[in-house]
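J.:
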DNA sequence: CCGCGTTGTGCACGCGCGTGCAATCAAAAT
DNA sequence: ATTTTGATTGCACGCGCGTGCACAACGCGG
């Protein structure tokens with residue numbers, strides 16, 4: 001109310017009049033595949049510039065059934081890795097002309113609400129990046145709603161109805177297992193995240209079975225309720241307090257860096273142990289923090305940008321919607337293990 | 338293409354027919370202030386449920402000029418505090434029925450592009466949370482575009498044309514200065530972030546002037562190029578390497594936690610110093626990490642949720658768009674200073 | 001039983017642009 | 001010079017819903 005008069009934005013109609021062409025020619029001038037003569041295109045663009053015109057994406061979406069909008073559903077803001085993903089996703093999708101709708105599905109009563117909103121906004125795709133997703137939910141979502149595409153990102157879903165873009169947990173964890181095995185440890189502990197009913201258990205399963213088949217011993221495991229370094233800190237602390245000294249692990253393989261960072265902090269500050277001096281720890285994701293001098297975490301780097309790129313292609317329909325797209329990252333060996 | 342036939346979503350028209358009323362009555366049933374008899378409302382809702390109908394927000398926005406969309410422009414994903422902000426903003430805005438468009442303005446050629454897109458999507462407001470914003474840019478944006486509202490969040494802008502929701506840096510840093518003064522330090526260093534032309538210098542200025550007027554000495558300062566712990570680590574390292582041992586600071590007051598965390602790491606791992614044993618360090622923001630045992634950072638907590646709430650109210654027009662809304666947080670005293 | 005104030009309900013018109021095809025025009029072919 | 005072809009341009013119709021107002025239905029007291 002306090003600022004300039006602010007005339008209404010110009011419409012294609014206005015530009016058309018100024019340029020002496022029809023409205024449709026104006027709109028066509030703004031599509032890249034347009035079939036327009038250079039001369040009129042110039043004239044239109046000049047007029048558009050004068051009126052500060054830009055096509056209305058709402059109207060365009062309404063008319064065309066393509067919104068160039070992707071909604072991202074996240075329920076886990078405690079894991080710092082999410083920020084890395086958000087950066088990559090907004091950057092890559094943005095480069096492809098896709099805008100991102102960010103929805104916090106932790107506070108939303110229900111992920112269902114978020115999906116409904118997504119549908120109401122006619123998003124081209126809904127991307128699930130949460131950690132609390134059950135396959136039930138995904139199946140239900142896919143069945144109930146009329147969302148263009150349902151994609152599970154950075155997480156495997158056994159639900160065939162949804163596309164899933166993620167690393168190949170099995171091969172990744174196999175590499176990690178080999179590395180840990182070659183470290184000469186004898187009492188591993190696998191630290192897992194929230195146990196949803198999904199195939200996210202693959203990392204755990206791969207490690208446990210790999211270790212068992214190599215050594216004959218089945219590693220122990222422990223579960224942490226969320227991918228939150230601070231919660232990992234607390235739960236690891238109380239778990240280890242309940243362990244007799246002589247049955248302590250000598251290497252803790254964590255499902256991801258969030259858990260690993262919390263674990264290392266707990267080992268240091270609650271038990272005075274050194275990593276890797278007393279215990280080794282491994283992570284997964286290669287969060288920026290993992291490279292810090294304080295952690296120097298041996299971890300597995302997911303090719304987030306490439307995965308985001310694949311996501312963009314799926315959304316744009318340039319890539320087959322195979323049910324599953326598995327990526328291979330690389331083991332990053334640092335000092336922690 | 339692989340899934341269910343997926344009939345087109347139902348429209349208000351369909352529901353109207355099924356319920357035996359007019360289309361307008363149906364749409365009215367979905368507005369909360371509607372003037373509808375309980376009986377028909379029930380009938381409409383029942384029909385809507387059967388058809389799995391939900392109002393189309395695109396069409397609604399197009400017709401009403403209100404999109405209930407807010408776009409967030411961020412150019413700085415290295416600062417972990419951004420994740421905290423994103424969580425709060427999506428949660429609070431979502432609770433008010435506002436959806437969030439997240440735009441990465443670092444990769445976008447230009448923040449201008451993002452603002453244009455925002456206009457094209459008819460967002461109700463564009464919120465700037467970047468760190469590279471110059472006031473020029475803000476002014477230019479406000480002048481050029483027809484964006485509903487332009488709001489600078491968690492950052493002061495001297496640009497009167499934009500609303501700014503942030504903490505009162507002056508009073509906050511005054512409290513911090515008092516705390517540091519009472520610690521008995523004698524050689525403070527202020528570590529500042531990117532020097533945009535904006536009023537973000539307030540923290541630095543407040544500390545420097547406060548210290549000077551209390552002790553007669555003017556503290557030194559040093560600038561870090563971005564709010565990235567890792568960059569802070571590097572720059573602090575090279576800065577201190579160039580300092581003669583006897584002129585080292587005994588307390589480093591950082592503009593925010595991102596810088597403080599990097600600083601502490603550098604002190605420990607590059608110079609083998611203890612914090613707070615050898616040097617004290619303070620931050621600003623109270624990032625989750627600040628509470629970790631590894632840092633125990635004395636910092637200043639911004640009331641992010643309250644600020645997000647204020648933002649929602651401004652967007653919804655329930656609060657005057659005063660040019661400036663200053664919040665007061667609280668000093669969080671931990672071990673680092 | 002009538003008039004009047006409340007609700008409730010229906011409707012014409014418009015929001016700005018996309019789709020598909022018909023009309024037009026320029027340039028190349030005969 | 002006339003035809004043919006391909007590149008341009010124009011247009012009717014629709015996308016699904018909001019606004020503002022006119023009209024119908026309901027309740028009340030006199």
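Protein chains in written order, with this note's numbering: chain A, 1 to 337; chain B, 338 to 674. Even glycine gets a Cβ: it sits at the ideal position worked out from N, Cα and C. These figures come from a predicted structure and were not determined experimentally.
1) Return no unless some Cβ of chain A is closer than 8 Å to the Cβ of residue 672(B).
2) How long is the line joining the alpha carbons of residue 359(A) and residue 568(B), rounded to whole angstroms?
3) Where does residue 619(B) sit, in a helix, a strand or coil, going by DSSP?
4) Check this for me: beta carbons of residue 673(B) and residue 632(B), under 8 Å apart or not?
5) For residue 182(A), name the three-state secondary structure that DSSP assigns.
6) So residue 418(B) is in the alpha helix (DSSP H); what residue range does that whole segment cover?
7) Determine the closest residue to residue 518(B) out of 488(B), 554(B), 489(B) and 494(B), with distance taken between C-alpha atoms.
8) Take residue 455(B) as the anchor and find which of 444(B), 487(B), 467(B) and 432(B) has the nearest alpha-carbon.
9) Taking residue 245(A) as the reference, which of 271(A), 94(A), 192(A) and 17(A) has the closest Cα?
10) Please check if any C-beta of chain B sits within less than 8 Å of the C-beta of residue 265(A).
11) Among the candidates 58(A), 120(A) and 261(A), whose CA atom is the shortest distance from the CA of residue 457(B)?
12) Is there a C-beta anywhere in chain A that falls below 8 Å from the one on residue 531(B)?
13) Please report how far the alpha carbon of residue 277(A) lies from the alpha carbon of residue 251(A), in whole angstroms.
14) Report the residue from 402(B), 528(B) and 352(B) whose alpha carbon sits nearest the alpha carbon of residue 389(B).
15) Output the boundary residues of the beta strand (DSSP E) element that contains residue 600(B).
16) Confirm, please, whether the CB-CB distance from residue 329(A) to residue 164(A) is below 8 Å.
17) Quick check on residue 625(B) - is its C-beta less than 8 Å from some C-beta in chain A?
18) With three or more C-beta pairs closer than 8 Å as the rule, is the region 438-449 of chain B touching the region 645-659 of chain B?
19) In chain A, what lies closer than 8 Å to residue 631(B) by C-beta?
20) Any beta carbon of chain A sitting closer than 8 Å to that of residue 385(B)?
21) Can you tell me whether residue 402(B) is buried or exposed? The criterion is at least 16 other CB atoms within 10 Å of its CB, across all chains shown.
22) Looking at residue 283(A) and residue 260(A), is the spacing between their C-beta atoms short of 8 Å?
23) Please list the residues of the region 112-127 of chain A that have a C-beta atom closer than 7 Å to any C-beta atom in chain B, keeping them in chain order.
24) I'd like to know if residue 428(B) contacts chain A, where contact means its C-beta is closer than 8 Å to some C-beta of that chain.
25) Identify the contact partners of residue 27(A) in chain B, using a Cβ-Cβ distance below 7 Å as the criterion.
26) Using 8 Å as the Cβ pair cut-off and three pairs as the minimum, do the region 519-527 of chain B and the region 425-434 of chain B touch?
27) Are residue 508(B) and residue 460(B) touching if we call contact CB-CB under 8 Å?
28) Should residue 339(A) and residue 80(A) be called a contact, given that it needs their Cβ atoms to be closer than 8 Å?
29) Which same chain residues end up closer than 8 Å to residue 98(A) when comparing Cβ atoms and leaving out the 5 residues on each side of it in sequence?
30) Kindly say whether residue 398(B), judged by its beta-carbon, lies nearer than 8 Å to any beta-carbon of chain A.
31) When you compare only the Cα positions, how much space is there between residue 11(A) and residue 366(B)?
T.: Concretely, from the data shown:
1) Taking the first residue of the second chain as position 1, residue 672(B) is located at position 335. No, no contact with chain A.
2) This structure cannot speak to residue 359(A), because chain A is shown only from 1 to 337.
3) Position 282 of the second chain, counted from the start, is the residue given in the question as residue 619(B). Here residue 619(B) sits in strand by DSSP.
4) Position 336 of the second chain holds residue 673(B). Position 295 of the second chain holds residue 632(B). Result yes, Cβ atoms of residue 673(B) and residue 632(B) sit closer than 8 Å.
5) For this step, residue 182(A) is matched to residue 182 along the first chain. Residue 182(A): helix per DSSP, three-state reduction.
6) Translated into the one-based positions of the second chain, residue 418(B) becomes position 81. Run containing residue 418(B): 418-432, per the alpha helix (DSSP H) assignment.
7) In the second chain, the residue the question calls residue 518(B) occupies position 181. Nearest option by C-alpha distance: 554(B).
8) Position 118 of the second chain holds residue 455(B). For residue 455(B), the nearest C-alpha among the options comes from 487(B).
9) Residue numbering aside, residue 245(A) sits at position 245 when the first chain is read from its first letter. It is 271(A) whose Cα lies nearest to the Cα of residue 245(A).
10) Locating residue 265(A) in the first chain gives position 265, counting from the first residue. True, the Cβ-Cβ gap to chain B drops below 8 Å.
11) Locating residue 457(B) in the second chain gives position 120, counting from the first residue. Among 58(A), 120(A) and 261(A), the Cα nearest to that of residue 457(B) belongs to 58(A).
12) Position 194 of the second chain, counting from 1, holds the residue named residue 531(B). Not an interface residue.
13) Taking the first chain and counting its residues from 1, the one referred to as residue 277(A) is at position 277. Taking the first chain and counting its residues from 1, the one referred to as residue 251(A) is at position 251. Spanning the two alpha carbons is a distance of roughly 11 Å.
14) Within the second chain, residue 389(B) is the residue found at index 52, counting from 1. Checking every option, the nearest Cα to that of residue 389(B) belongs to 352(B).
15) Along the second chain, one-based indexing puts residue 600(B) at 263. Element bounds for residue 600(B): not the beta strand (DSSP E) but the alpha helix (DSSP H), 594-608.
16) On the first chain, position 164 is the one that residue 164(A) refers to. On the first chain, position 329 is the one that residue 329(A) refers to. Going by C-beta atoms, residue 164(A) is not nearer than 8 Å to residue 329(A).
17) Mapped onto the second chain, residue 625(B) falls at position 288. Interface residue, yes.
18) no
19) In the second chain, the residue the question calls residue 631(B) occupies position 294. Here the neighbours are 265, 268, 269 and 294.
20) Position 48 of the second chain, counting from 1, holds the residue named residue 385(B). No, no contact with chain A.
21) As a working mapping, residue 402(B) is identified with position 65 in the second chain. Exposed, by the Cβ-count rule.
22) Position 260 of the first chain holds residue 260(A). Position 283 of the first chain holds residue 283(A). Yes, Cβ-Cβ distance for residue 260(A) and residue 283(A) is below 8 Å.
23) 116, 117, 119, 120, 121 and 122
24) Residue 428(B) sits at position 91 when you count from the first residue of the second chain. Yes, contact with chain A.
25) Here residue 27(A) refers to the residue found at position 27 of the first chain. Near residue 27(A) there are no residues of chain B at all, since even the closest Cβ is about 13 Å away, more than 7 Å.
26) no
27) In the second chain, the residue the question calls residue 508(B) occupies position 171. In the second chain, the residue the question calls residue 460(B) occupies position 123. It is not a contact, given that the beta carbons lie outside the stated cut-off.
28) Any answer about residue 339(A) is impossible in this case: the structure gives chain A only from 1 up to 337.
29) Here residue 98(A) refers to the residue found at position 98 of the first chain. Once the five neighbours on either side are set aside, the close Cβ partners of residue 98(A) are 68, 69, 70, 124, 312, 315 and 316.
30) Reading the second chain from its first residue, position 61 is the one you call residue 398(B). Yes, residue 398(B) counts as interfacial toward chain A.
31) Here residue 11(A) refers to the residue found at position 11 of the first chain. Here residue 366(B) refers to the residue found at position 29 of the second chain. Looking at the two C-alpha atoms, the distance is approximately 32 Å.
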